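Structure first, then comments.
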Amino acid sequence: MTQGEEKIMNKAFCEKLSHLSIEGTAEEIVHRFIEHLKFDLGKDEFSATPYDCYVSFASAVKDILMDRWLITQPQEYALQRKRVYYLSLEYLIGRSLGNAILNLDIQKQSIKALTENGFDLSLLSELEWDAGLGNGGLGRLAACFLDSMATLKIPAYGYGIRYEYGIFFQHIINGEQVETPDNWLRYGSVWEIARPARLFPVYFGGIVKEEILEDGSKKMRWIPEETVMAMAYDYLVPGFQNNYVNTLRLWSAKSTREFNLAYFNEGDYMQAVADKNHSEMIAKVLYPNDNKMQGKELRFRQEYFFVSATLQDILRRFLKKESDLRKLPEKAAIQLNDTHPAIAVAELMRILVDERNLPWEIAWEITQQCMAFTNHTILPEALEKWQVLLFEKLLPRHLQIIYEINERFLSSIRITGLYDDDFISRVSLIEEEPVKSIRMANLAIVGSHSVNGVSELHTDILKHLIFKDFYALWKDKFNSKTNGITPRRWLMLCNPLLSELITQAIGSAWKTDLKELAKLNKYKNDSTFLEDLGEVKRQNKLEFCKYYEDLHKRKLNPESIFDFQAKRIHEYKRQHLNALGIIHLINQIRDGKTPYPQSFFFAGKAAPGYFIAKLIIRFICALSDYIEKDKELSRYLSVIFLPNYRVTLAERIMPPAEISRQISLAGTEASGTGNMKFALNGALTIGTLDGANIEIREAVGEENFFLFGMTAAEVKNLKESGYHPYEMMRQNEDIKRIFDFIESDILNPLNPGLFTPLTDLLLYQGDKYCLIADLPDFIRVNAEAVKVYQDKQQWNRMSLANIANMGKFSSDETIKGYAKDIWGV
């Protein structure tokens, strides 16, 4: 509450306000449901639509959530504990209704309130649109982390951007990905709270002037050319059944230049709103296509926009109680989720030095102590670099600060006499060739007190390959924090049948301590329990079949093996390797063999400008169409591409999945969390020794994991010694037949040569991700998995081993590690 707001409330009013609370009984829920329907929406029994009923019921649940939030936040202000500020360009939070009901512990009350009044909770829940705030694993991890921080009662704020259109809605039309806007906010969102009082200016462009102060010292003054206002919208994040609620604060861009009446009156209607549209474009779309300079500039503006607003908000909160900025690290832990918010290092320095007049050395110490950096990639091309020209145009003062940071950093290395010019060039924040650019990962590393990878293998690669020079400088700065998933959404919420079976067997402590699942190991030879586990999987498969058939009017075979590869479409994730394996099965059927029925499900989006990824989708869809139209093949095989992969669809596919494909080339995936979700729900993994697969295999037992492919070291050796995929293909009859099949154009008779760019990449352009090298072993492991599947008791025993040994992969455990080793909370 601002001072102005306090003045308009007398003591009696404040007392009434503080005593108003909600217990969350069924009667209260019904009462508030009706109130929202009648007084907020102005609807009665004649005019209310199903969506109106969803909005009103969700508003009733949000009332309870808000009540708990209004208890949590004053308590934290009074305690003045150190807060965690999690900066992420993505938050893939999915739907909020079911999660709120679960975490508030009002499931029984909600069902009672609805059923007694003729409503179905599951039907109302289906009316909620997934929040379009993320794309893939990065955003889902951030959402899981927020859930765990609230569950562990760690005071925290998530910060990001309130994207109006998300990334895009994926349609599959004639076998191709077609993108349309994901207009998830078309009707607004019940779950957000607009905070117009939290409005901060964010500046771009202009010039920097040097001023001489009275004492003769110099001061730099940034005179920006453009101002965009950042307005806060809050989402409430409940912990699991602990009455503790944190905040996700998202920034929306508002123009300082509204409708230009002069242009309008002259008939120039487009120009009348041009300035406003230009400013507000910042928060329109997640990850604009950066194949063109306009897209690059917009993404750059997005990153600075949310970082600037966030740091202003953090300092506003800090300065309400403190005046000495040197105490900021005692009250604020700022976690940079990948390189997108790395500009925070330069922005905090600018605020401390230029606006708060702190000496550089003190400002730098504060910045380093506050900042911590999580790297999420292994691919060098994915490490962000921004051209100096962009900095000069949009953030001229930050460019000066980065140059100063770099000069001081490199001087401190040179003075030791231990490092040559090549080393100094590699660690520099500035890349001179081919285009002079700022290395954002280097900025984040230099400006942070902690740098962590997200799996043991990933961290090892960072230390000894990607960031080996920085590791040579600061061994203590690097650490590993293996990613995790929240068991609330990814088991309790999405798989109630399995959750109930587990709770009946070992009690409910596993819900907040996933390591308790280890108690399930005692049932590994209990035939009755294993049969019950198999029955849960069968029921989940039948439910998914009904869902899919209702939606797509296509029948599935519930007796087939349900095999899933669900993740962003990218060459290194090797969805096309999976497709090559399916073609091998087609060839076997043509040879007269009768394989066990298998249903292969694919899901994932390709970046709009990523030609090969979109071609991989066309390849998979062509396979699907070819098999479906062939009576002989369709008896044994199905290939299904599930469009518009998102959190809600992920919740649907985890329970029925029997095989989880985690087949990226060893040494390319940082961690992955889909592998954890599938395993927690009892799917067996066919995977490489990559990312978190390694740790999952160690945890569940190598006998309960279908391993194939080269190790990261073997990949390195193969490429160094000379990799010749075309020759490998010619020497292996199975692989040769696979490529003969593709090149026959049988999948694409109306478009000859459609998939030539794909086969050329693999056979003649180096096969960067070693599909040909791993393909023979991939074929072997597929056959092995199918053989084991036919022994249902053995399969269920292996499935149980996966479920029972996933305790270390709870995001609660990951967050405990961050809290202890990095944040100091």
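Taking UniProt numbering, the leading residue of the sequence shown gets 1, the next gets one more, and so forth.
Quick reminder that beta carbons are idealized off the backbone N, C-alpha and C, glycines included.
This one's a predicted model, so the numbers in the text were calculated from it and none came from an experiment.
The distance from the Cβ of residue 373 to that of residue 336 is about 5 angstroms, consistent with a contact at the 8 angstroms cut-off.
Considered as a whole, the region 575 to 612 harbours 598 to 603 as its complete beta strand (DSSP E) runs of no fewer than 3 residues, in chain order. Taking each of 496, 627 and 650 in turn and checking the Cα distance to residue 568, the smallest one comes out for 650. Sequence-distant partners of residue 809 (beyond 5 residues in either direction) whose C-beta falls short of 6 angstroms from its own C-beta, in its chain, are 484 and 676. Bounds of the beta strand (DSSP E) holding residue 564 are 561 to 566. Residue burial is scored here from C-beta neighbours: residue 164 has at least 16 other C-beta atoms within 10 angstroms and is therefore classed as buried.
Straight-line measurement puts the Cα of residue 741 at about 49 angstroms from the Cα of residue 815. With respect to residue 313, residue 159 sits close: the two C-beta atoms are nearer than 9 angstroms. Counting only residues of its own chain and dropping the five nearest sequence neighbours on each side, residue 300 has a CB closer than 8 angstroms to the CB of 386, 390 and 394.
A direct Cα-to-Cα measurement between residue 248 and residue 239 gives close to 13 angstroms. A distance below 6 angstroms between beta-carbons, with the five flanking residues on each side excluded, links residue 782 to the following residues of its chain, in chain order: 581. Between residue 282 and residue 253, the C-beta gap is smaller than 9 angstroms, which places the two residues in contact. Distance from the CA atom of residue 512 to the CA atom of residue 365, rounded to whole angstroms, is 37 angstroms. Excluding sequence positions up to five before and after residue 735, its CB lies within less than 6 angstroms of the CB of 729 and 775, all in the same chain and listed in chain order. Contact between the region 561 to 576 and the region 663 to 671 is present: 3 or more CB-CB pairs across the two stretches fall below 8 angstroms. For residue 520, the CB contacts under 8 angstroms within the same chain, skipping 5 residues up- and downstream, are 502, 505, 506, 800, 803 and 804 in chain order. In the DSSP annotation of this structure, the continuous segment of the beta strand (DSSP E) that includes residue 385 starts and ends at 385 to 387. Closest in C-alpha terms to residue 472, from the list 233, 427, 486 and 202, comes 427. Around residue 711, the same chain offers 666 and 689 as residues with beta carbons nearer than 7 angstroms, after the five sequence neighbours per side are excluded. Residue range 637 to 642 is occupied by the beta strand (DSSP E) that includes residue 639. Residue environment: residue 46 is assigned as exposed (fewer than 16 neighbouring CB atoms within 10 Å of its CB, all protein chains considered). By the criterion of a C-beta distance shorter than 7 angstroms, residue 469 is surrounded in its chain by 423, 426 and 427, once the five residues flanking it on both sides are discounted. Here DSSP, grouped into helix, strand and coil, assigns residue 251 to strand.
Taking a cut-off of 8 angstroms on C-beta distances, the region 474 to 494 touches the region 136 to 149, as three or more cross pairs fall below it. Separation of residue 630 and residue 378 (C-alpha to C-alpha, rounded to the nearest whole angstrom) is 41 angstroms. Taking C-alpha positions only, residue 420 is separated from residue 413 by approximately 10 angstroms. Beta-bridge pairing by DSSP links residue 63 to no other residue.
In this structure, the beta-carbon distance from residue 524 to residue 517 does not fall below 9 angstroms. Contact holds between the region 189 to 197 and the region 42 to 62, because three or more Cβ pairs, one in each stretch, are under 8 angstroms apart. Taking 9 angstroms as the cut-off, the beta carbon of residue 34 is found no closer than this to the beta carbon of residue 109. Fewer than three Cβ pairs drawn from the region 71 to 82 and the region 215 to 230 lie within less than 8 angstroms of each other, which leaves the two stretches out of contact. With distances taken between CA atoms, residue 642 lies nearest to 544 out of 105, 682, 544 and 481. Across the structure, residue 129 and residue 167 are spaced so that their CA atoms are roughly 14 angstroms apart. Residue 371 has 334 as its beta-bridge partners, per DSSP. Residue environment analysis places residue 798 among the buried positions, since at least 16 neighbouring C-beta atoms fall within 10 angstroms of its C-beta.
Excluding residues up to 5 positions away in sequence, 690 and 691 lie with their Cβ nearer than 6 angstroms to the Cβ of residue 669 in the same chain.
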